[in-house]
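Okay, so the sequence shown: first residue is 603 according to our numbering, each after it adds one.
What follows is one structure encoded as structure tokens, with my remarks underneath.
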Amino acid sequence: MDEVFVGDDPLYVFHGRRRVGRISADPLKFVYDTTWLSARDSFALSVALPLRPTSFDEADVRAFFFNLLPEGQVRRRLAGRLKISEGNDYALLAAVGGECAGAIAVLPTPADANPESGRERDDFDEHAYDALSDDDITQRIAMGGALSSAAGESGVRLSLAGAQDKLPVYIDASGNIFLPKGQAASTHIIKFENRDFKHLAVNEAFVLRLAEAVGLPCVRSTLRRLGRSNALVVERYDRLRAGARVERLHQEDFCQALNVPAERKYEAEGGPSFAQSVELVRKHSSDPLADVHAVVRWQIFNAAVGNADGHAKNLALLHTPTGTRLAPFYDLVSTRAYPRVDRHLAMHIGATSDPDQLTAKDWSRFATDLGVGARYVRDTATQVLSAIGDALIPTVRALEKAFGRKDFLRSAVVPGIEKCTRRVTASLKAQS
């Protein structure tokens, strides 16, 4: 049985069996445990939360820990299912923080552990999984959302940031799907169709493959038929299979790293700019030249394919024992395929966020903002655009060969990308 949580009880942050620190509700703050600080293999939860004995304040807690929670309609459904107020971040984190992005778990005080002792958890079970059939998952979607339907089940504490309905799962070598319970780790994320944006799974599967063909490091994904609709199955880059075990790798998205709450993930809302994102990579990547080049190509790719959702929560740093690197790219979609979606980019290029209005001056300012040469930007953009043109139709054919004909790609996604690439190419030629 899950422990009973009282609204102002402290929450404890764990890395596997080991306690990392404590979150207090009133006032809202976080402090690392002294045992964690003294351990040789300890690590900071975020570049914005460096290891130190003094506590971090409310703004720091909100920017890192509450950025682990779902957003939008998924959050509303989850809160309703759990009988928690939608705006009560602290209670939501207590309820679903057991399996988050990265290598940590956020849990109420274990009933069998003295919170002041610093010892390891005795109730740690990394092999607790419930089998899920495709029909089980389809029924969960029909109940109002896969993630929210799992909430409240005994031992289930699952959270994924973002506004799309998705479910963290364990998938074995035979393709069987399991729901993690207790401290068991997931290996994949299943992303479901959205009623408001038709064929979203197919769109994302295609754009991820196109990005990979262009040379961008992306998450591995595949389409899976669930009932009458497609779902995108994404392999987690922050999980590593080690024999029978699944090891969690730590990561943080750029909102967390830049100490920005989720409600300001877009630059237009006061969120991170692309220049700030590049500077973050320069400062913390173990290979800044390679990772800065990759993220610059990512932003050009977003403009060229009409992806208006390339915000700071769709970039991440991956922390491993060998260093910190830019995480593989994820959540790549051609939003231009949906006429109701604002076409403006989440981060500006030069003085504009509208890829249809890019000019030579914008590309020059883009280079200046990033501290790189104008020729480097022009050559990089030209290479990305050329690679998109070469890969566009072959990528459609390859996806259709594997999963069947996808009329939406041919009628909406591909024409939209072709239009965007023509306009971006024209803006570069004006600069030459």
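Just so you know, even glycine gets a beta-carbon here, dropped at the ideal spot from N, CA and C.
Please read these numbers as outputs of a predicted model, since none were measured by experiment.
Measure the alpha-carbon distance for F931 versus S966 and round it to whole angstroms. The straight-line gap from Cα to Cα measures roughly 25 Å.
Whole angstroms are fine: how far does the CA of R899 sit from the CA of K1021? Answer to the nearest angstrom: the Cα atoms are 19 Å apart.
Mind checking P672: buried by the 16 CB within 10 Å criterion, or exposed? Per the 10 Å Cβ criterion, buried.
Spatial neighbours of A910 in its chain, beta-carbon cut-off 7 Å, leaving aside the 5 residues before and after: Answer for A910: T937, V943, D944, R945, H946, L947 and A948, listed in chain order.
I'd like to confirm the pairing. Which residues does DSSP put opposite T954 in its beta bridges? Under DSSP, T954 forms a beta bridge with I951.
Within 10 angstroms of the Cβ of Y940, are there 16 or more other Cβ atoms? Answer buried if so, exposed if not. By the 10 Å Cβ count, Y940 comes out buried.
From R1012, A705 and T1027, pick the residue whose C-alpha is nearest to that of S988; which is it? Closest option to S988, Cα to Cα, is T1027.
Between A892, P957, P923 and R866, which lies nearest to A906 when the distance is taken from Cα to Cα? Nearest option by C-alpha distance: P957.
Restricting to Cα atoms, I'd like to know which of P655, A661, L639 and L653 is closest to P629. Of the listed residues, the one whose Cα sits closest to P629 is A661.
What would DSSP say about T656, mapped onto helix, strand or coil? In this structure, DSSP gives T656 a state outside helix and strand, which the three-state scheme calls coil.
At what residues does the beta strand (DSSP E) containing G925 begin and finish? Here the beta strand (DSSP E) through G925 covers G925 to L928.
Local conformation of R830 per DSSP, three classes: For R830, the secondary structure class from DSSP, reduced to helix, strand or coil, is coil.
Could you tell me which residues DSSP puts in a beta bridge with A918? DSSP lists D855 as partners of A918.
In this structure, how does DSSP classify D981 when only helix, strand and coil are distinguished? Per DSSP, reduced to three states, the secondary structure at D981 is helical.
Give the secondary structure of L825 by DSSP, where H, G and I count as helix, E and B as strand, and everything else as coil. Residue state, collapsed to three classes: strand.
Beta carbon of V622 nearer than 8 Å to that of V809: It is not a contact, given that the beta carbons lie outside the stated cut-off.
Buried or exposed, going by whether 16 or more other CB atoms sit within 10 Å of the CB of D610? Result: exposed.
Excluding the 5 residues flanking L578 on each side, which residues of the same chain have their C-beta closer than 6 Å to its C-beta? Missing from the structure shown is residue 578; the chain here goes from 603 to 1034 and no further.
Whole-number beta carbon distance between F658 and F616, since they are thought to touch under 8 Å: The C-beta separation of F616 from F658 comes to about 17 Å, leaving the pair out of contact by the 8 Å criterion.
With a threshold of 16 other CB atoms inside 10 Å of the CB of T997, please say whether the residue is buried or exposed. It counts as buried.
Would L639 pass as a contact of F667 if the rule is Cβ separation under 8 Å? Not a contact, by the Cβ cut-off of 8 Å.
Applying the criterion that 16 or more other CB atoms from any shown protein chain within 10 Å of the CB defines a buried residue, is E795 buried or exposed? The residue is buried, with at least 16 neighbouring Cβ atoms inside 10 Å.
Nearest candidate by alpha-carbon position, reference T922, set Q959, N832, S648 and Q878: Distances from the alpha-carbon of T922 to those of Q959, N832, S648 and Q878 put S648 closest.
Using DSSP with H/G/I as helix, E/B as strand and the rest coil, what is A713? Model confidence at A713 stands at a pLDDT of 41, short of 50, so the residue's coordinates are unreliable; what they give is reported in the following sentence. Look at A713 here: in three-state DSSP terms it is coil, with no helix or strand label.
On the CB-based measure, 16 or more other CB atoms within 10 Å of its CB, does E854 come out buried or exposed? Label assigned to E854: buried.
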